[in-house]
Amino acid sequence: MKVDAVVYLVDAFDKERFAESKKELDALLSDESLATVPFLILGNKIDLPYAASEDELRYHMGLTNFTTGKGKVNLGDTNVRPLEVFMCSIVRKMGYGEGFRWMSQYIK
1 MKVDAVVYLV DAFDKERFAE SKKELDALLS DESLATVPFL ILGNKIDLPY
51 AASEDELRYH MGLTNFTTGK GKVNLGDTNV RPLEVFMCSI VRKMGYGEGF
101 RWMSQYIK
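Just so you know, we're using UniProt numbering here: the sequence shown kicks off at 1 and counts up by one.
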(Lines of atoms letter the chains of each structure in order from A; the text may use other names.)
(Lines give C-alpha, C1' and ligand atoms only; values in the text may rest on other atoms or scores of the structure.)
Protein backbone atom coordinates (compact mmCIF):
# COMPACT_ATOMS: atom_id res chain seq x y z
CA MET A 1 0.00 0.00 0.00
CA LYS A 2 1.34 3.43 -0.95
CA VAL A 3 0.60 6.37 1.33
CA ASP A 4 0.99 9.84 -0.21
CA ALA A 5 0.41 11.86 2.97
CA VAL A 6 -0.95 11.68 6.50
CA VAL A 7 -3.55 14.05 7.93
CA TYR A 8 -3.64 13.77 11.72
CA LEU A 9 -6.63 15.45 13.34
CA VAL A 10 -6.37 16.43 17.02
CA ASP A 11 -9.27 17.70 19.12
CA ALA A 12 -7.75 20.95 20.45
CA PHE A 13 -10.55 21.19 23.01
CA ASP A 14 -10.06 17.74 24.59
CA LYS A 15 -6.81 18.46 26.43
CA GLU A 16 -7.19 15.38 28.64
CA ARG A 17 -6.51 13.21 25.58
CA PHE A 18 -3.40 15.08 24.36
CA ALA A 19 -1.09 12.39 25.82
CA GLU A 20 -3.01 9.68 23.93
CA SER A 21 -2.92 11.77 20.74
CA LYS A 22 0.85 12.30 21.10
CA LYS A 23 1.43 8.57 21.62
CA GLU A 24 -0.48 7.73 18.42
CA LEU A 25 1.27 10.50 16.47
CA ASP A 26 4.69 9.32 17.70
CA ALA A 27 3.85 5.78 16.54
CA LEU A 28 3.00 7.09 13.06
CA LEU A 29 6.09 9.32 12.92
CA SER A 30 8.36 6.40 13.84
CA ASP A 31 6.81 4.05 11.24
CA GLU A 32 9.57 3.36 8.68
CA SER A 33 7.07 3.04 5.83
CA LEU A 34 5.98 6.66 6.47
CA ALA A 35 9.49 8.11 6.89
CA THR A 36 9.28 10.43 3.87
CA VAL A 37 5.52 11.04 3.83
CA PRO A 38 4.24 14.59 4.49
CA PHE A 39 2.37 14.99 7.79
CA LEU A 40 -0.36 17.58 8.24
CA ILE A 41 -1.43 17.94 11.86
CA LEU A 42 -4.76 19.71 12.23
CA GLY A 43 -5.81 21.09 15.61
CA ASN A 44 -9.60 21.12 15.35
CA LYS A 45 -12.40 22.80 17.33
CA ILE A 46 -10.70 26.20 17.68
CA ASP A 47 -14.20 27.70 17.57
CA LEU A 48 -14.76 26.47 21.14
CA PRO A 49 -13.72 28.58 24.12
CA TYR A 50 -10.68 27.21 25.98
CA ALA A 51 -9.49 25.15 23.02
CA ALA A 52 -5.69 24.86 22.92
CA SER A 53 -3.71 27.48 21.04
CA GLU A 54 -1.34 26.42 18.26
CA ASP A 55 1.67 26.87 20.57
CA GLU A 56 -0.02 24.81 23.29
CA LEU A 57 -0.86 22.03 20.83
CA ARG A 58 2.70 22.02 19.43
CA TYR A 59 4.07 21.74 22.98
CA HIS A 60 1.82 18.83 24.00
CA MET A 61 2.42 16.96 20.73
CA GLY A 62 6.20 17.40 21.10
CA LEU A 63 6.38 19.49 17.92
CA THR A 64 7.87 22.75 19.22
CA ASN A 65 10.77 23.63 16.86
CA PHE A 66 10.13 20.36 15.02
CA THR A 67 7.99 21.45 12.07
CA THR A 68 9.26 22.42 8.64
CA GLY A 69 7.47 25.74 8.09
CA LYS A 70 4.31 27.06 6.53
CA GLY A 71 4.15 28.41 3.01
CA LYS A 72 6.41 27.17 0.23
CA VAL A 73 9.42 25.44 1.75
CA ASN A 74 11.65 23.60 -0.71
CA LEU A 75 12.64 20.32 0.92
CA GLY A 76 13.39 18.56 -2.38
CA ASP A 77 17.15 18.23 -1.83
CA THR A 78 16.86 17.23 1.80
CA ASN A 79 15.84 14.08 3.61
CA VAL A 80 13.48 16.09 5.80
CA ARG A 81 9.88 14.95 6.09
CA PRO A 82 7.40 17.83 5.57
CA LEU A 83 5.50 18.28 8.84
CA GLU A 84 3.38 21.22 9.95
CA VAL A 85 0.58 22.18 12.34
CA PHE A 86 -2.49 24.14 11.27
CA MET A 87 -5.37 25.10 13.52
CA CYS A 88 -8.90 24.72 12.19
CA SER A 89 -12.59 24.50 12.84
CA ILE A 90 -14.28 21.92 10.64
CA VAL A 91 -17.74 23.06 11.79
CA ARG A 92 -16.94 26.70 10.88
CA LYS A 93 -15.17 25.64 7.66
CA MET A 94 -11.96 27.50 8.49
CA GLY A 95 -8.24 26.76 8.68
CA TYR A 96 -8.01 23.32 7.14
CA GLY A 97 -7.87 24.60 3.53
CA GLU A 98 -4.57 26.31 4.25
CA GLY A 99 -3.24 23.05 5.66
CA PHE A 100 -4.31 20.99 2.66
CA ARG A 101 -2.82 23.57 0.27
CA TRP A 102 0.45 23.36 2.21
CA MET A 103 0.42 19.56 2.04
CA SER A 104 -0.41 19.41 -1.68
CA GLN A 105 2.96 20.93 -2.64
CA TYR A 106 4.72 17.83 -1.27
CA ILE A 107 2.57 15.15 -2.89
CA LYS A 108 4.15 13.81 -6.05
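Using N, Cα and C, we set each Cβ at its ideal position, and we do this for glycine too.
Here the structure is a predicted model, which is why all the values come from computation and not from measurement.
Tell me, to the nearest whole angstrom, how far the beta carbon of residue i is from that of residue j; I am working on the premise that it is less than 8 angstroms.
| i | j | result |
| --- | --- | --- |
| residue 84 | residue 69 | 7 angstroms |
| residue 87 | residue 5 | About 19 angstroms; that fails the 8 angstroms criterion. |
| residue 7 | residue 28 | In fact, because the Cβ distance is near 11 angstroms, the residues do not count as touching under 8 angstroms. |
| residue 154 | residue 12 | Residue 154 cannot be examined here, being either before or after the span of the chain that is shown, 1 to 108. |
| residue 34 | residue 3 | 6 angstroms |
| residue 25 | residue 1 | About 20 angstroms; that fails the 8 angstroms criterion. |
Please report the distance separating the alpha-carbon of residue i from that of residue j.
| i | j | result |
| --- | --- | --- |
| residue 53 | residue 59 | 10 angstroms |
| residue 31 | residue 49 | 34 angstroms |
| residue 155 | residue 107 | Lying outside 1 to 108, the shown extent of the chain, residue 155 is not represented and no answer is given. |
| residue 82 | residue 15 | 25 angstroms |
| residue 89 | residue 57 | 14 angstroms |
Measuring alpha carbon to alpha carbon, tell me which residue in the options is nearest residue i.
| i | options | result |
| --- | --- | --- |
| residue 65 | 97, 48, 55 | 55 |
| residue 17 | 107, 47, 43 | 43 |
| residue 21 | 38, 72, 34, 63 | 63 |
| residue 36 | 76, 23, 91, 92 | 76 |
| residue 105 | 92, 91, 74, 89 | 74 |
Could you have a look at residue i and say whether DSSP puts it in helix, strand or coil?
| i | result |
| --- | --- |
| residue 86 | strand |
| residue 25 | helix |
| residue 94 | strand |
| residue 106 | coil |
| residue 18 | helix |
| residue 100 | helix |
| residue 50 | coil |
| residue 58 | helix |
| residue 33 | helix |
Closer than 6 angstroms: is that where the CB of residue i sits relative to any heavy atom of the ligand PLP?
| i | result |
| --- | --- |
| residue 103 | Looking at this structure, you won't find the ligand PLP or any other ligand, since it has none at all. |
Among all the DSSP beta bridges, which residues are the ones paired with residue i?
| i | result |
| --- | --- |
| residue 44 | 11 |
| residue 6 | 39 |
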